[in-house]
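These notes are about the structure you will find just below.
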Amino acid sequence: LTVAVLIRSTQSCDLDQTQQGCRIDNGQCTCAFGCKSEFRYATKKECQDALKGRSSDICNRQPCMNGGTCTQVTTMPQYKCRCEGTGYWGNRCHRMCPKPDQLPPGTKFPHECVVI
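Residues in the sequence shown are numbered from 254 upward in steps of one, following this note's numbering.
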């Protein structure tokens, strides 16, 4: 019996760098409180207007590979790929997760590849 736990990475930021905002996640507007860089739109209406225009949704280009989830962010390149649970890691989920014994000494194991 194997149990997999997905660990979602969260970007930490100083309290003065947080805000209530919205972003496009998998073609839907998601609003929450978090780091300013993670929420591109100030309001749900602004986010929904961007969804209607769709040309401004960089995730339409499908930059994430191997089943990774694309999320718009305010910092360049204006998207972030979430790779947890895919067996891949990297900024576009393009690197296959290594086995722990395959890592060179001193190399950190990618958190996206952790299976508990």
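Even for Gly, the Cβ is constructed at its ideal location relative to N, Cα and C. Because the structure is a prediction, the values reported are computed rather than measured.
How big is the Cα-Cα spacing for residue i and residue j?
i           : j           : result
residue 262 : residue 366 : Low per-residue confidence applies at residue 262: pLDDT is 40, beneath 50, and the placement is therefore not dependable, though the value from the model is reported in the following sentence. Straight-line Cα distance between these residues: approximately 11 angstroms.
residue 283 : residue 323 : 13 angstroms
residue 305 : residue 340 : 33 angstroms
residue 348 : residue 286 : 31 angstroms
residue 311 : residue 355 : 34 angstroms
Can you give me the start and stop residues for the beta strand (DSSP E) that residue i sits inside?
i           : result
residue 287 : 281-288
residue 293 : Premise fails: residue 293 is in no beta strand (DSSP E) and is neither H nor E.
residue 278 : 271-278
residue 361 : No beta strand (DSSP E) holds residue 361; DSSP gives it neither H nor E.
residue 325 : 322-325
Where does residue i sit, in a helix, a strand or coil, going by DSSP?
i           : result
residue 302 : helix
residue 312 : helix
residue 333 : strand
Quick check: residue i and residue j, are their CB atoms within less than 7 angstroms of each other?
i           : j           : result
residue 320 : residue 334 : no
residue 345 : residue 316 : yes
residue 270 : residue 289 : yes
Determine, using beta-carbon pairs with one atom in the segment 286-299 and one in the segment 263-278, whether at least three such pairs fall under 8 angstroms. yes
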